[in-house]
Amino acid sequence: MRAITGLWRWRRNPLRRTTDLVEAWVALTAVVVLCVAVPLAGWAAGSSAQASLQRAVRAQQQGRIETTARVLRPAPTPPGATGSGGQTAEQRFRRAVVARWTAPDGTSRTGTVTTSRASATPGDTFPLWTDRDGRAVPAPLARDTARAHAFVAGLTAAVLAGLGVELVRRLVMRRLTFRRYARLDRAWASVGPDWGRTGTGS
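Just so we're aligned, residue 8 is where the sequence shown starts under my numbering, counting upward by one.
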């Protein structure tokens, strides 16, 4: 909130410089943008992400059908797949099995799928999602998960917008500071050679 400290330069003061007034305007603009534009940016990004994700949820729910699969046997472990290196926590707790399920058209399908069941012995059943053709697919995105992703997107946009405003403010302040130093250098260059001499008023 250092932008607010620049507002004191609005006060009337015979020593106030032009750069002080510019700094006050920059501080006021930064406060207004932080209070208005940044929340709007977060809301716009979150709303856009929410609409897009909810469309994806509806499309996935319409194109995917839940069925029940029955474990036939554990799937053979591919060579070099032992160990948990490079795997996510979800992947480590899922196991591959050969299972049979019924496709939407009523035909029986068999294939290798993954399940998160702690026990996956022959005869166990577990829910499985398929597409319209009966192929195993991931479960559709949940609405609550979509809303959480949209919230994170909006929050991220708001934070980035706020950081952008602060970056611009700091760059402007840096330039104003350089201008002040340049004016001081010019003033000293014109007065410095006569400093302390008799009759110069110093």
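We put the CB at the ideal spot given by N, CA and C, even for glycine.
Start and end residues, beta strand (DSSP E) containing residue i
i	result
A106	102-109
Alpha-carbon spacing of residue i relative to residue j, whole angstroms
i	j	result
S197	M180	26 Å
A153	P145	15 Å
R193	R186	11 Å
V159	A56	9 Å
P83	D131	17 Å
A51	V166	13 Å
V38	P147	43 Å
T5	V78	Residue numbering for the chain in the displayed model covers 8 to 209; residue 5 lies beyond these limits and cannot be assessed.
E168	A189	The sequence shown places Ala at residue 168, rather than the Glu named in the question. Spanning the two alpha carbons is a distance of roughly 32 Å.
G161	V175	21 Å
G53	C42	17 Å
A10	R177	At A10, the pLDDT of 47 sits below 50, so the modelled position is not reliable; the number obtained from the coordinates is stated separately. Their Cα atoms are separated by approximately 9 Å.
V33	W195	28 Å
V45	R62	26 Å
Pick from the options that is closest to residue i, judged by C-alpha positions
i	options	result
T75	S59, P111, W195, V172	P111
G118	T137, Q57, L170	T137
Q69	A157, A44, A164, A149	A149
L35	R190, Y188, V172	V172
T109	A103, S123, C42, P134	P134
V40	A189, R182, G113, L170	L170
L47	A164, A66, V38, R80	A164
E30	R190, R124, L183	L183
D140	E73, A106, A103	E73
P129	S59, A103, R142, D151	A103
A127	R142, W195, V105	V105
H247	V64, W32, V33, V45	One cannot answer for residue 247 here, as it falls past the ends of the chain, which runs 8 to 209.
R80	T121, R62, D151	T121
G142	S123, R124, R107, D151	Inspection of the sequence shows that residue 142 is occupied by Arg rather than by Gly. That would be R107, whose Cα lies nearest to the Cα of R142.
Residues that residue i bridges to, as DSSP identifies them
i	result
P134	T75
S115	T109
P147	None; P147 has no bridge partner.
T121	A103
P129	Paired residue(s): none; P129 is not in a bridge.
P81	V104
Review point. Can you list the alpha helix (DSSP H) stretches of 4 or more residues lying completely in the region 16-79, in chain order?
Key: 25-39, 45-70
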